[in-house]
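The sequence shown begins at 1 in UniProt numbering and counts up by one. By construction, the Cβ of each residue, glycine as well, lies at the ideal position given by its N, Cα and C atoms. Treat the numbers as computed from the prediction; the structure is a model and nothing was measured. Encoded as structure tokens, the structure appears first; notes follow it.
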Amino acid sequence: MLILGIESSCDETAASVARNHTEILSNVVSSQVEEHKQYGGVVPEIASRRHCENVLPVVQKALDDAGVTLAELDGIAVTAYPGLIGALLVGVNFAKGLALTAGKPLVPTHHLAGHIAANYIAHPELKPPYLCLVVSGGHSHLVEVLTYTKFRILGRTRDDAAGECFDKCARAMGYPYPGGIHLDKASQSGNPKAFSLPKPKIAENAYDFSFSGLKTAVVNLLHNAQQKGETICREDLAASVQATISEVLTEHTIRAAVEHGYSTIAIAGGVSANSGVRESLQKACDKRNFTLYMPPLSLCGDNGAMIACAGSYAFDAGIRADSSLNASATMELTDWGDMGNGQ
Ligand code: ATP
Ligand code: MG
Ligand code: FE
1 MLILGIESSC DETAASVARN HTEILSNVVS SQVEEHKQYG GVVPEIASRR HCENVLPVVQ
61 KALDDAGVTL AELDGIAVTA YPGLIGALLV GVNFAKGLAL TAGKPLVPTH HLAGHIAANY
121 IAHPELKPPY LCLVVSGGHS HLVEVLTYTK FRILGRTRDD AAGECFDKCA RAMGYPYPGG
181 IHLDKASQSG NPKAFSLPKP KIAENAYDFS FSGLKTAVVN LLHNAQQKGE TICREDLAAS
241 VQATISEVLT EHTIRAAVEH GYSTIAIAGG VSANSGVRES LQKACDKRNF TLYMPPLSLC
301 GDNGAMIACA GSYAFDAGIR ADSSLNASAT MELTDWGDMG NGQ
């Protein structure tokens with residue numbers, strides 16, 4: 001089975017061809033990060049315009065690299081939700097046109113299902129059910145992966161996502177956008193115990209996250225130091241932020257695994273590239289004899305391969321759309337799974 005995956009939910013225009021779900025024949029990513037950097041974040045209008053320019057050459061290259069023609073495809077998967085609406089619309093409308101002209105089934109795909117599926121590419125032995133921590137620029141979810149397309153959300157963030165927290169702390173500390181990776185690098189030479197930072201607990205749901213208090217604490221700490229004319233060691237602060245986020249993510253994930261009887265855990269999303277998060281979860285899993293799956297660093301961020309892979313499973317589950325498909329900035333992972341037959 002050959003599925004083309006198209007991704008345009010944020011600032012990466014990406015496309016890939018997957019054979020039999022997990023064999024990636026091509027993976028083309030055109031990132032706009034250099035352009036958005038000067039504004040300190042993604043400018044939605046610019047993102048949409050760049051997707052318009054890039055989508056055709058990126059998809060063409062993905063087909064060429066794979067040595068596959070449109071006629072040979074079994075289906076066309078596209079990220080339809082969630083994300084920046086103007087950005088999503090470019091990929092969705094392109095995919096609709098392509099599916100219509102080529103006479104191929106159109107598979108609307110959920111971006112977070114894509115992040116989760118990055119694990120299947122690297123570890124085809126990983127099979128549901130298992131518990132997945134999805135941590136990215138816009139989401140922090142603890143998800144029970146029941147089947148390839150059926151999910152139950154145990155916990156989510158009440159405010160900022162983990163990636164957002166990394167980026168905002170890094171920005172306050174003077175690192176360029178997107179700050180997560182810079183904060184990670186700085187952490188390598190810092191003392192993670194130098195600063196004691198808040199780790200909020202949510203009374204009503206012990207699996208939920210809250211990261212805005214940590215961000216505010218970092219901003220206040222920097223302000224106070226500046227007013228007093230004190231210098232703060234950025235590496236120490238970076239290491240303390242990374243250790244705090246890693247501890248919270250690990251504690252919640254392990255508690256959910258124990259309480260729901262999972263010994264197989266995966267992580268997904270941009271923040272799963274973080275060295276502190278990977279190390280902390282690995283240690284906690286080793287201690288309990290749990291198996292931890294992590295995507296390779298190259299598949300943690302947004303890419304087309306994860307959409308081609310998730311789209312392949314969605315194709316099997318009967319998730320389909322016709323040319324009335326519309327993109328949506330918000331869509332629950334669970335609602336997306338309900339579009340299929342539960343496979
Ligand atoms: P979403 O997937 O929720 O729609 P998104 O697609 O914008 O959001 P991703 O591309 O999955 O997010 O992840 C980007 C986020 O991951 C950014 O916040 C970025 O800073 C963060 N990130 C990437 N690498 C690292 C790292 N090594 N340490 C910490 N954060 C990182
Ligand atoms: Mg991005
Ligand atoms: Fe993403």
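In this model, Glu230 and Leu221 are separated by some 11 Å (Cα to Cα).
Residue state for Val43 is assigned as coil, using DSSP reduced to three classes. Contact between Tyr81 and His110 holds: their C-beta atoms lie close to 6 Å from each other, under 8 Å. Judged by the Cβ position, Cys10 qualifies as a neighbour of the ligand MG at the 6 Å threshold, a heavy atom of the ligand being closer than this. Between the beta-carbon of Leu325 and that of Leu249 there is about 34 Å, and that puts the pair past the 8 Å contact cut.
The shortest CA-to-CA distance from Glu35 to any of Ala317, Glu45, Thr330 is the one to Glu45. In this structure, Ser312 has its beta carbon at no less than 6 Å from each heavy atom of the ligand FE. Counting other Cβ atoms within 10 Å of its Cβ, Gly97 stays below 16 and is therefore classed as exposed.
Boundaries of the alpha helix (DSSP H) around Cys285: 275–288.
The distance from the Cβ of Ile319 to that of Val107 is about 6 Å, consistent with a contact at the 8 Å cut-off. Here the distance from the Cβ of Ser136 to the nearest heavy atom of the ligand FE is below 6 Å.
For the 7 Å CB-CB criterion, Ala113 and Ala310 form a contact. Around the C-beta of Gly103, fewer than 16 other C-beta atoms lie within 10 Å, and the residue is accordingly described as exposed.
Distance from Ile245 to Phe166 at the Cβ level is roughly 7 Å; contact confirmed, criterion being Cβ atoms closer than 8 Å. Around the Cβ of Asn289, a 10 Å sphere holds fewer than 16 other Cβ atoms; the residue is exposed.
In the DSSP assignment, His141 forms a beta bridge with Val134, Arg156. Here Leu100 is exposed. Its C-beta has fewer than 16 other C-beta atoms within 10 Å. Between the ligand MG and the CB of Asp302, the shortest heavy atom gap is smaller than 6 Å. Gly137 and Gly163 have their C-alpha atoms some 4 Å from each other. Assignment of Asn220 by DSSP, reduced to helix, strand and coil, places it in the helix class.
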